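Here is the structure we will look at, set down as structure tokens.
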Amino acid sequence: MISVDLHLHTCHSHDCATPVERVIGGARRANLDCVAITDHNTIEGALQLRASGELRVIVGEEIGTSEGELIGLFLIEPVPKGLSPLETIARIKEQGGLVCIPHPFGRKRVSANLELGAWRDGRFVPSRDVVRANRILNEDVLSRVDLIEAVNSRTFFRNSWTAASRLAEACGLSVTAGSDAHTVREIGRSRVEMPDFTDAESFLKAIADARPFGVRSSLLIHFASMYARVVRDKC
Ligand SMILES: [Zn+2]
1249 MISVDLHLHT CHSHDCATPV ERVIGGARRA NLDCVAITDH NTIEGALQLR ASGELRVIVG
1309 EEIGTSEGEL IGLFLIEPVP KGLSPLETIA RIKEQGGLVC IPHPFGRKRV SANLELGAWR
1369 DGRFVPSRDV VRANRILNED VLSRVDLIEA VNSRTFFRNS WTAASRLAEA CGLSVTAGSD
1429 AHTVREIGRS RVEMPDFTDA ESFLKAIADA RPFGVRSSLL IHFASMYARV VRDKC
């Protein structure tokens, strides 16, 4: 089994001041075998880190769509922000990438027993409460994505992890875990232990047998992101 943090940021994100090379030490200290760099709307940091040869890297991007965020993993090219979720998904898939919905219930206070929806005519139809919590969680998107992030260290409420896991299970999708680290010390706070993989296809098979782990970061960590927006130098 290998240990992978599937969601983290570098200074190529507008709200993160972590230099790309400092991710290497952070990942080693956290005993990670692999990281997915998922900067906001760019893959520059991921490409730089992978080119260093110092750390195993999945090239990802947290993409701001017109309806909320999606993560693309195993990307070759960046996907522009601001497209519809379906266009974004198409752009990820046409380059062989995988699509994950990050922190589906975000910072919302949701019930762990949230009514999720039901299968109808071979598709999962989410409840009104699910779509109200995050409009990207609609039927068309849920029928096309590969993964749902169940564990994210930057979410405020543990119930949102439970609700996200239940949603993934209801939709028949595998779950991921990621620290969403915007500072070095957050790296590895959430991770999956999973069988090894070589590419997107074998990753998707392996993640079905993954065990997600995580601890939530202090709410104070969000001030680090606000601070980073102010002090961040160009990477
Ligand atoms: Zn993020």
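For the sequence shown, the working numbering begins at 1249 and goes up steadily by one.
Glycine is no exception: its CB is placed at the ideal position from the N, C-alpha and C atoms.
As the structure is a computational prediction, the values presented were derived from the model and not from experiment.
C-alpha distance - residue i paired with residue j, whole-angstrom precision
| i | j | result |
| --- | --- | --- |
| Asn-1400 | Ala-1425 | 6 Å |
| Thr-1355 | Glu-1397 | The question names Thr, but residue 1355 in the sequence shown is Arg. Their Cα atoms are separated by approximately 13 Å. |
| Glu-1317 | Ile-1384 | 8 Å |
| Ala-1381 | Gly-1312 | 17 Å |
| Ser-1375 | Glu-1363 | 7 Å |
| Glu-1310 | Val-1283 | 14 Å |
| Ala-1338 | Phe-1461 | 30 Å |
| Thr-1336 | Val-1327 | 7 Å |
| Ser-1427 | Ala-1275 | 11 Å |
| Gly-1370 | Cys-1259 | 42 Å |
| Ala-1294 | Lys-1341 | 18 Å |
Member of the options whose CA lies at the smallest distance from the CA of residue i
| i | options | result |
| --- | --- | --- |
| Ser-1300 | Arg-1270, Gly-1320, Leu-1323 | Arg-1270 |
| Leu-1334 | Gly-1365, Asp-1388, Asp-1394 | Asp-1388 |
| Leu-1297 | Glu-1310, Gly-1273, Ile-1319 | Gly-1273 |
| Ser-1314 | Lys-1329, Ala-1265, Glu-1325, Gly-1344 | Lys-1329 |
| Ile-1349 | Ser-1465, Ile-1250, Leu-1303, His-1255 | His-1255 |
| Arg-1392 | Thr-1286, Gly-1345, Arg-1304 | Gly-1345 |
| Val-1268 | Thr-1431, Arg-1439, Ala-1454 | Thr-1431 |
| Ser-1251 | Ile-1455, Ser-1465, Arg-1464 | Ile-1455 |
| Glu-1441 | Arg-1433, Phe-1451, Asp-1447, Ala-1418 | Phe-1451 |
| Arg-1464 | Cys-1264, Ala-1429, Asp-1444 | Ala-1429 |
| Pro-1352 | Val-1373, Arg-1433, Trp-1367, Ser-1413 | Ser-1413 |
| Ala-1458 | Cys-1483, Gly-1436, Ala-1448, Ser-1422 | Ser-1422 |
| Glu-1449 | Arg-1304, Ala-1418, Val-1347 | Val-1347 |
Delimiting residues of the alpha helix (DSSP H) encompassing residue i
| i | result |
| --- | --- |
| Val-1378 | 1376-1381 |
| Phe-1451 | 1448-1455 |
| Gly-1273 | 1270-1277 |
| Arg-1339 | 1333-1342 |
| Ser-1300 | 1292-1300 |
Identified DSSP bridge partners for residue i
| i | result |
| --- | --- |
| Val-1305 | Val-1283 |
| Ala-1416 | Partner(s): none; Ala-1416 has no beta bridge. |
| Cys-1348 | Ile-1319, Leu-1395 |
| Leu-1256 | Ile-1285, Ala-1429 |
| Ile-1311 | Leu-1318 |
| Gly-1365 | Pro-1374 |
| Met-1442 | Ile-1250 |
Element boundaries [beta strand (DSSP E), containing residue i]
| i | result |
| --- | --- |
| Pro-1460 | 1459-1462 |
| Val-1327 | Note, Val-1327: premise wrong, no beta strand (DSSP E); not H, not E. |
Q | Contact shell at 5 Å, judged by CB to any heavy atom of ligand 1, ordered along the chain | A | Glu-1310, Asp-1428
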